[in-house]
Amino acid sequence: MDPEEIIASGQLEMYVCGALPPAEEQIVQQAVNTFPEVRRELELIEESLLLLAETVSPPVQAMTWTAILNSISNKNLNEKDNVRSLNWPAITGWAAAILFMGGIMWMLKQNSDLNKHIQITTTENTILREEKANTETQLAENNEVLEVLRSKDYQAYTLPGNQAVAPEAFAKVYLNKKESIAYIDAKGLPTPPRGKVYQVWSLKMEPLTPTSVGLISAESEMGEGIYKFVNFPEPEAFGITLEPEGGSETPTMSQLYILGMITI
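Its first residue numbered 1, the sequence shown is counted upward by one per residue in the numbering used here.
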């Protein structure tokens with residue numbers, strides 16, 4: 001913290017009152033030793049408290065104090081020479097100063113607690129805003145998928161699993177041939193093992209020409225289990241293979257999970 005922050009933070013008042021935790025007390029002590037302006041401010045606070053102690057001392061009439069001191073002397077005649085008169089006005093002033101410092105400590109603690117509460121609330125609000133933004137994004141993506149399902153511009157196809165590799169697997173494709181956009185519902189695929197990823201291929205059959213459409217990954221996911229792909233050659237068929245993370249330049253045919261014809 002710079003000198004201005006330390007002076008404005010209220011830590012110097014708590015330091016004078018002895019109310020700082022050890023770690024913060026060390027920081028303030030270092031600042032006092034390092035920055036002359038901080039040391040001057042600390043001295044002003046100490047002087048103010050001493051002046052307050054003297055100022056708030058209530059005036060006491062001389063006759064009253066004489067009666068009090070005489071009463072004390074009468075009860076201690078045998079120890080007269082050993083008893084020393086007490087400076088009650090000063091003691092009263094110091095008591096008032098201590099009470100005042102206690103009030104300062106309480107207010108500073110309340111202020112510190114309030115600042116911590118504000119920080120916690122700010123963090124919670126930030127998290128809520130992020131969650132709200134994520135929810136709105138997810139809702140927009142879901143609405144986009146719904147529009148696709150309802151649109152006459154998209155044709156739906158069910159792609160069967162490769163009987164030799166994954167006979168129970170399947171995928172659904174919603175294809176806009178004119179704009180080269182495809183939404184693939186991959187919920188019918190088994191979860192890929194660690195280090196593997198599914199890759200979608202656009203296929204020309206004669207001669208067999210595969211072109212990568214993209215990976216089934218978080219980057220292309222539009223909704224739960226639905227992925228969007230764009231800008232690929234007009235397909236005669238779609239294939240989905242299991243590839244190493246990052247994908248492959250050519251499909252691994254021994255890991256062909258899905259293969260289905262597209263007829264329009």
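Ideal Cβ positions, reconstructed from N, Cα and C, are used throughout, including at glycine.
- Spanning the alpha carbons of Ala156 and Glu130 requires a straight line of approximately 35 Å.
- Selection Ala237, Glu243, Pro21, Ile6 evaluated against Glu206 yields Ala237 as nearest (Cα-Cα).
- In the three-state reduction of the DSSP assignment, Gln199 falls in the strand class.
- Secondary structure of Ile181 (DSSP, three-state): strand.
- Between the stretch 144-153 and the stretch 241-257, the count of C-beta pairs closer than 8 Å stays below three; the two stretches do not touch.
- Going by beta carbons, Leu12 and Leu42 fall inside the 8 Å limit.
- For Glu243, there is no enclosing alpha helix (DSSP H); the enclosing beta strand (DSSP E) covers residues 237-244.
- Boundaries of the beta strand (DSSP E) harbouring Pro160: 155-160, taken from the DSSP string.
- Rounded to the nearest whole angstrom, the C-alpha separation of Ala218 and Tyr227 is 8 Å.
- Between Met14 and Met107, the C-beta spacing is not below 8 Å.
- Around the beta carbon of Thr263, fewer than 16 other beta carbons sit within 10 angstroms, so the residue counts as exposed.
- When DSSP states are grouped into helix, strand and coil, Val38 belongs to the helix group.
- In the three-state DSSP reduction, Lys152 falls in the coil class, being neither helix nor strand.
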